[in-house]
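Visitor: Quick note on numbering: the UniProt record's numbering labels position 247 of the sequence shown as 247, and the sequence is numbered without any gaps.
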Amino acid sequence: MNNTYGRLASHVYNLDKYIGKSFGDIEYYRQRLDGYRGPILEPAVGNGRALIPLLEAGFDVCGFDASQDMLDYCLAQCAGRDLAPALSRQTFETFTYAKRFDAIVVPAGSLQLIADHAAASAVLKRFYDHLAPDGRLIFDLYPGDMVADLQPNIRSWQTETGDLLTLTSQRVKTDIIGQTTVSHLRYDLWQEGRLASSELEFFTMRWWGIQEMLLTLQAAGFEDLVVSGDYTFGRAPRDGDHVVTFECRRPV
Ligand SMILES: C[S@@+](CC[C@H](N)C(=O)[O-])C[C@H]1O[C@@H](n2cnc3c(N)ncnc32)[C@H](O)[C@@H]1O
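1) In the DSSP assignment, what are the bridge partners of Pro43?
2) Does residue 297 come out as helix, strand or coil in the three-state DSSP assignment?
3) In the structure shown, what three-state DSSP assignment does Asn153 receive?
4) Just jot down, in chain order, the residues whose CB lies closer than 5 Å to any heavy atom of ligand 1.
5) Which residues in the same chain as Ala86 place their Cβ atom closer than 6 Å to its Cβ, once the five residues preceding and following it in sequence are excluded?
6) For His184, which beta-bridge partners are listed by DSSP?
7) Spatial neighbours of Val105 within its chain, please: C-beta separation below 6 Å, excluding the five flanking residues on both sides.
8) Would you mind sorting Arg81 into buried or exposed? The rule is 16 or more other CB atoms within 10 Å of its CB.
9) For a quick check, are the C-beta atoms of Ala220 and Leu124 less than 7 Å apart?
10) Check Leu225 in the structure and name its three-state DSSP category.
11) Look at Asn14 and Tyr73 and say whether their C-beta atoms are less than 7 Å apart.
12) Would the beta-carbon of Leu185 fall within 7 Å of that of Glu201?
13) Three-state secondary structure (DSSP) at residue 255?
14) Among Phe92, Cys248, Gln77 and Val227, which one has its Cα closest to the Cα of Ile119?
15) For Ser198 and Val227, what's the separation of their Cα atoms in angstroms?
16) What are the boundary residues of the beta strand (DSSP E) that Ala103 is part of?
17) Report the CB separation of Asp149 from Gln179 in whole angstroms; it is logged as a contact under 8 Å.
18) In this structure, does DSSP put Asn14 in helix, strand or coil?
19) Relative to the C-alpha of residue 280, which candidate in Trp207, Gly35 and Leu75 has its C-alpha closest?
20) Taking DSSP's pairing of strands, which residues face Val244 in a bridge?
21) Is it the case that the stretch 140 to 147 contacts the stretch 52 to 60, given that we only count it when at least three CB pairs across the two stretches are under 8 Å?
22) On the three-state DSSP scale, how would you describe Gln158?
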């Protein structure tokens with residue numbers, strides 16, 4: 001029930017964060033990857049929101065995700081566009097590929113779904129091991145997530161068939177020492193005013209200090225670290241920024 005992105009959660013994701021919807025990230029990643037010819041990996045690829053525009057821009061991208069429901073959306077969206085990237089069901093913690101990548105990209109704050117510092121450090125090391133020499137890791141963190149869901153919140157979407165999906169979110173735990181929050185995400189599907197199905201997800205997020213992440217990346221072996229605020233490459237993050245992007249390199 002923790003960060004599982006089940007059937008209704010994936011349906012909501014696909015309605016709300018549809019293919020190509022950008023938070024400024026898709027343009028930014030496309031620009032930062034300009035000139036990359038070799039294979040690129042997107043861990044936690046989800047429904048393909050970012051993957052598909054990158055494929056359409058000519059990049060050789062593949063991805064994995066822990067949620068089969070998310071992957072099913074991604075597979076369907078790719079098939080509808082005659083795209084056939086390698087997609088697999090794997091997790092951050094255990095993924096493995098025989099080949100090495102020229103770049104690994106993790107948009108949308110997905111790394112914050114790893115709730116434990118030691119586990120996240122191991123995942124960053126796994127990224128390092130899957131990069132070719134001189135390969136780059138680029139990912140986003142959302143500093144504002146530590147203040148998300150402080151108040152109960154309800155949102156709704158109309159489905160493709162005219163049903164209603166609602167999401168009620170409520171923070172239930174904040175661990176200041178572990179730097180994590182847990183929210184209850186309740187997804188409801190309503191058909192003709194009647195509740196057809198429900199899903200409850202415990203949504204755990206970890207927030208990071210910028211220096212903490214830089215030290216963790218250095219400990220994993222990365223070099224040439226650049227941290228940027230709100231998708232302005234090289235501009236140090238400042239108070240009020242919505243997103244912080246880290247870019248670093250596996251040395252040759
Ligand atoms: C915020 S979505 C990001 C999707 C996509 N990358 C994007 O930019 O829109 C987070 C994704 O992380 C996946 N996820 C959560 N925990 C995971 C884990 N331990 N390993 C791999 N994927 C995971 C979820 O299934 C979900 O698809």
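Glycine is no exception: its CB is placed at the ideal position from the N, C-alpha and C atoms.
Guide: This is what the structure holds:
1) Beta-bridge pairing links Pro43 to Phe64.
2) Past the edges of the chain, shown from 1 to 252, lies residue 297, and the structure says nothing about it.
3) Asn153: strand per DSSP, three-state reduction.
4) Every residue passing the under-5 Å Cβ criterion appears here: Asn3, Tyr5, Ala44, Gly46, Arg49, Ala50, Asp65, Ala66, Ser67, Met70, Thr91, Phe92, Pro107, Ala108, Ser110 and Leu113.
5) The answer, listed in chain order, is Cys62.
6) BP columns for His184 point to Gln170 and Phe202.
7) So the list reads Tyr29, Glu42 and Ile138, once near-sequence residues are dropped.
8) Looking at its Cβ environment, which holds fewer than 16 other Cβ atoms inside 10 Å, Arg81 is exposed.
9) Yes, the Cβ-Cβ distance between Ala220 and Leu124 is below 7 Å.
10) In the structure shown, Leu225 sits in a strand (DSSP, three-state: E or B).
11) Taking the C-beta atoms as reference points, Tyr73 is found nearer than 7 Å to Asn14.
12) Contact flag set, yes.
13) No information on residue 255 is available, as it lies outside the stretch 1 to 252 that the chain covers here.
14) The amino acid occupying residue 119 in the given sequence is Ala; Ile does not appear at that position. Selected option, being the one with the closest Cα: Phe92.
15) Answer to the nearest angstrom: the Cα atoms are 40 Å apart.
16) That run of the beta strand (DSSP E) goes Phe101 to Val106.
17) With a Cβ gap of about 15 Å, Asp149 and Gln179 do not count as contacting.
18) The DSSP-derived three-state label of Asn14 is helix.
19) With the chain covering 1 to 252 only, the question about residue 280 has no answer from this structure.
20) Paired residue(s): Leu141 and Gly229.
21) They do not touch, by the three-pair rule.
22) It is a strand residue.
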